[in-house]
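Worksheet: one structure, shown below.
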Amino acid sequence: MFHTSRFFIAILIFSSTVSTGLSFAQKPNILWIYAEDTSPWMGCYGDDVNVDATPNIDAIAEAGVRFNRAYVPAPVCSATRSAMIIGQSAIRFGAHQHRSSRTPKTRIQLPQNYKLLPELLSEQGYTTFNFGKADYNFAWNQGKTYNHKLKKRTDFSGLVNKQPFFGQIQLRGGKNNTENINKEIKVDPNIVAVPADYPNNKIFKEVVAQHYEAIRVDDNIIGKIIQQLKDTGLYKNTIVIYFSDHGANNLLRHKQMLTEGGLHVPFVVMGPNKYVPNGKVRNDLVNMLDLSATTLSWAGVDVPNWYEGKNLFSKNFTPRSFVAAHKDRLDHTIDRVRTVRTENYRYVRNYKLDRIFLQPQYRDSKNFTKDLHHLYNSGRLSKVHKEIYFGERPSEELYNVSKDPAMIYNLVGNPTFRLELERHRKLLDEWLAVGDMGSEAEPIANLKANGDGKKWGQGVNPEYEKYRVDSDGDGLSDRWEIANNRDPQDGLLYFSFDCGGWQTEGWESKDISSNLAGSLGYLDFKLDNKKGTIYKERLQIRETNQQKSIAIKMKSTADLKIFVANDHGNLGNAKYSANSSFQEVLFPLNINTSLSGTTKLEISFRGKKNDLVEIDYIKQK
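The opening position of the sequence shown corresponds to residue 2 in my numbering, with each subsequent residue numbered one higher.
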């Protein structure tokens, strides 16, 4: 089988780049001011709350160019930063999984002859530095990449005689602690508008207000950076760029998600007029990989052929028709999602349908995450938000983001948008055909390094179960059971379908076309032809003195006949009477039957065609 990603890498091994002829004295200084976790909620972007509250960011935009529709290649820091420093989407060269390459066993090597952007600039006489975070998902040499060290991020005195320079100054952005900031930059939660994809309550008003405050903190720092450039005489020959690695930190549908909120970032540029026009606003779609290509072009360095970005200020520049992005493993949470954004639409393709949107993550201890779960469990979460955060994940999503920026109304099932759906499917397929290493399973060493014993939690996806120990043979590993408050030694079958990371808990189906994963806490499916079977493999049930019966708590609007079997034959059958509420169906195991030695358990249903069956739990009693 032809492997597109490896083919792509193979053809992209090229010789080192060469200078295009700019003399040393002509080359500009280039400064990336790189904010973490920040959405474009500044005055220059027309935001009502931060109008007149972000004067320094606004000044950059006014003096140069504001890009209104700039999008990062991934919604998480390490994947975006890896891509931008290489100039290519991380799925092309294997750096797409968050926090990969962190141990000797998981080290990722770049393709031969690939060079980091600062290396290319250093070869052409540039002083290079990075103050703060790097977070690259591959092996790299810091000394070779950055040849200068700033004493602090607002001290450029050591650069006066080391021009031209390329530097990155990292800001905390949305991660800024704003609890003790000056009163004059505090934001009243009562005046903010909560995006439509979040509950409009006190907790989320405070989250939104905090993000505004975090941006204001960064704006003050940016003012000091600009002043330092002026004080040292570096300002006139320096191109200044302000942008972010992805959307807001504490908004659950921003950072880590392939949404408008997760991918849309601020991007403003100013500099000498020969490089950057004055007072311009750009509304074309921008891939932030374009900044990487543009940076090299400013420096007079030929853009390598592996770069996916464009020089935004080239005389021959043509606007993009779409931008694409990817989402893969995030900390311990395994996922695979791909998306394209066009002029008015965003199309999303989900590959892992057995897990809900709100999987376990590092923000689970935060009050806003707890609030969502509390509202859901108490039945007070709105229908819209229940579906977004805890509902069944669709294989495809299509949104008219020009009218629905919160991405609430999925248009996939609407025949009016059939042609748009087909067009976006084709665009994504074409983008992926260039190479997507995310289609390959992550090595077990990588999974162990990120899913076991980490501060952000234990991995609860099926990918981890393949190598973990299952002491009692119930089909769920010891680590998984402990993470879900179960006894890993009880030897009892118990499937409750309430783990956000793996909704089906390993159950599969035959004669059923619908997705088994339902809302959080349920397994659901339709009987396509009056019948269907669910099954669980890889069991190793041992002899036990516990009561020998199978219990299924379920509901269905049609009468059903249910049959339970294992490798050795039928274990029992029962009738279910239609009911709109959950009822427990019990299958006593007679003296001639046993679960001991079971490696596969099957449950078959016979009833009304297209009847919806919902299961709360399956357990041994």
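Where a beta carbon is used, it is the ideal one built from N, C-alpha and C, also for glycine.
Query, Result
"Own chain residues within Cβ distance below 8 Å of residue 206, not counting five before or after", "190, 191, 193, 195"
"Under the three-state DSSP convention, the category residue 434 falls into", "helix"
"Under the three-state DSSP convention, the category residue 606 falls into", "strand"
"Environment of residue 338 [buried if 16+ CB atoms lie within 10 Å]", "buried"
"C-beta contact flag for residue 524 and residue 498 at 8 Å", "yes"
"Residue 466 versus residue 139 - alpha carbon distance", "26 Å"
"Whole-angstrom C-beta distance between residue 168 and residue 130, which should lie under 8 Å", "5 Å"
"Where the alpha helix (DSSP H) containing residue 290 begins and where it ends", "290 to 299"
"Distance, residue 526 Cα to residue 613 Cα", "6 Å"
"Segments of 3+ residues assigned as beta strand (DSSP E) that fall wholly inside the segment 348 to 403", "397 to 401"
"Contained beta strand (DSSP E) runs [length at least 3] in the segment 119 to 162, N- to C-terminal order", "128 to 132"
"Cβ-based burial, residue 386 [other Cβ within 10 Å; buried from 16]", "buried"
"Of the listed residues 538, 235, 334, nearest to residue 30 (C-alpha basis)", "235"
"Close-in-space but distant-in-sequence residues of the same chain around residue 352 (CB under 6 Å, 5 per side omitted)", "337"
"Same chain, Cβ closer than 7 Å to residue 34, neighbours up to 5 away in sequence not counted", "170, 172, 223, 226, 241, 242, 243"
"For residue 167, the residue or residues it bridges with in DSSP", "31, 129"
"Through-space distance from residue 290 to residue 89, alpha-carbon basis", "7 Å"
"For residue 622, three-class secondary structure by DSSP", "coil"
"Three-way DSSP call (helix, strand, coil) for residue 465 in this model", "helix"
"Segment contact, 8 Å Cβ cut-off, at least three pairs: the segment 343 to 351 with the segment 389 to 404", "yes"
"Segment contact flag, the segment 62 to 82 with the segment 275 to 282, C-beta cutoff 8 Å, min 3 pairs", "yes"
"Beta-carbon gap between residue 574 and residue 562 smaller than 8 Å", "yes"
"Sequence-distant residues of the same chain with beta carbon closer than 6 Å to residue 316, five excluded per side", "none"
"Contacting residues, own chain, Cβ-Cβ under 8 Å from residue 253 (five flanking each side not counted)", "199, 359, 364, 369, 370, 373, 390"
"Residue 340 classed as buried or exposed, judged by whether at least 16 other C-beta atoms fall within 10 angstroms", "buried"
"Cβ-based burial, residue 52 [other Cβ within 10 Å; buried from 16]", "exposed"
"Where residue 555 sits in the DSSP three-state scheme", "strand"
"Euclidean distance between Cα positions of residue 42 and residue 48", "6 Å"
"Buried versus exposed, by CB contacts within 10 Å (16 or more), residue 255", "buried"
"Assigned secondary structure, residue 560 (DSSP; H/G/I helix, E/B strand, else coil)", "coil"
"Residues near residue 558 by beta carbon distance below 6 Å, same chain, minus five either side", "579"
"Beta-ladder partner(s) of residue 659, from DSSP", "Nothing can be reported for residue 659: it is not among the residues displayed for the chain, which extend from 2 to 622."
"Contained alpha helix (DSSP H) runs [length at least 4] in the segment 467 to 544, N- to C-terminal order", "479 to 484"
"Beta-carbon separation (whole angstroms), residue 604 vs residue 496, contact threshold 8 Å", "No, residue 604 and residue 496 are not in contact; Cβ-Cβ is about 11 Å, not under 8 Å."
"The segment 143 to 158 / the segment 206 to 215 touching (three or more Cβ pairs under 8 Å)", "no"
"Sequence ranges, alpha helix (DSSP H) only - wholly within the segment 28 to 72, length at least 4", "56 to 64"
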